[in-house]
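**Q**
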Amino acid sequence: MTPADRERLRALLIELSYARRPVRLASGAESTFYIDCTQTALHPEGAALLGEALLDAVRALEARTGRIAEAAGGMTLGADPLATAVSLTAHFAGRHLPAFIVRKEPKRHGTRQYLEGDRNLTAGMSVVLLEDVVTTGGSTLRAAERVREAGLVPLGVACIGDREAGGREALEADGLPVEALFRRADFPADDAD
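Residue numbering for the sequence shown follows the numbering used here, beginning at 1187 and increasing consecutively.
Take a look at the structure:
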């Protein structure tokens, strides 16, 4: 991704996804700002830029770990459009990188499974977990647990934003290196957060 494309992606995230307002995060923590990355991921240009940037993050994780990712996905709903964007971007670059989605609860009918896209996956595959924003790492750790239960091997986490609130450290303690496209300082947040 070029520096100009990275800056355009950051501008789109600020325009479409960033909001300065009190909010309770998924972790339960209070914050004075929120980054709803799904708004950018569902925008045509945003999806294209995120697909490119996150595929670069997948490549960086491969270089760090010496392993090749064979699929990419993460916890619904935040990772759903990200997984599709990365998979399509990889396809158009000549690479097979299937997407998958981790459900928060197993299906209540049919297969009763946690993973969607499992027909594209085989036990032992190395996968990258995708995340919109990492705060404490809790939801990503739950996704990693589900992926491991399915016989897959998570090699790391590619995320759009790192709030720098301990999530990276929690994920890395679980053996999951993190590649973040942006950090807290890349967004207009105040020091009180």
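Where a beta carbon is used, it is the ideal one built from N, C-alpha and C, also for glycine.
Of all the options 1268, 1264, 1262, 1281, which has the alpha carbon lying nearest to the alpha carbon of residue 1254?
**A** Comparing Cα-Cα distances from residue 1254 to each of 1268, 1264, 1262, 1281, the minimum goes to 1281.
**Q** Reducing DSSP to helix, strand and coil, say where residue 1265 ends up.
**A** Three-state result, residue 1265: coil.
**Q** Cα-Cα, which of 1300, 1228, 1285 is closest to residue 1291?
**A** The candidate whose alpha carbon is nearest that of residue 1291 is 1300.
**Q** Are residue 1344 and residue 1319 touching if we call contact CB-CB under 9 Å?
**A** No, the Cβ-Cβ distance between residue 1344 and residue 1319 is not below 9 Å.
**Q** Does the separation of the CB atoms of residue 1226 and residue 1211 fall below 9 Å?
**A** For residue 1226 and residue 1211, no; Cβs fall outside 9 Å.
**Q** Considering only their Cβ atoms, is the gap separating residue 1355 from residue 1369 smaller than 9 Å?
**A** Contact flag unset, no.
**Q** Can you tell me which of 1202, 1258, 1365 puts its alpha carbon nearest to the alpha carbon of residue 1285?
**A** Residue 1285 has its Cα closest to that of 1258, out of 1202, 1258, 1365.
**Q** What residue range does the alpha helix (DSSP H) around residue 1191 cover?
**A** Element bounds for residue 1191: 1189 to 1198.
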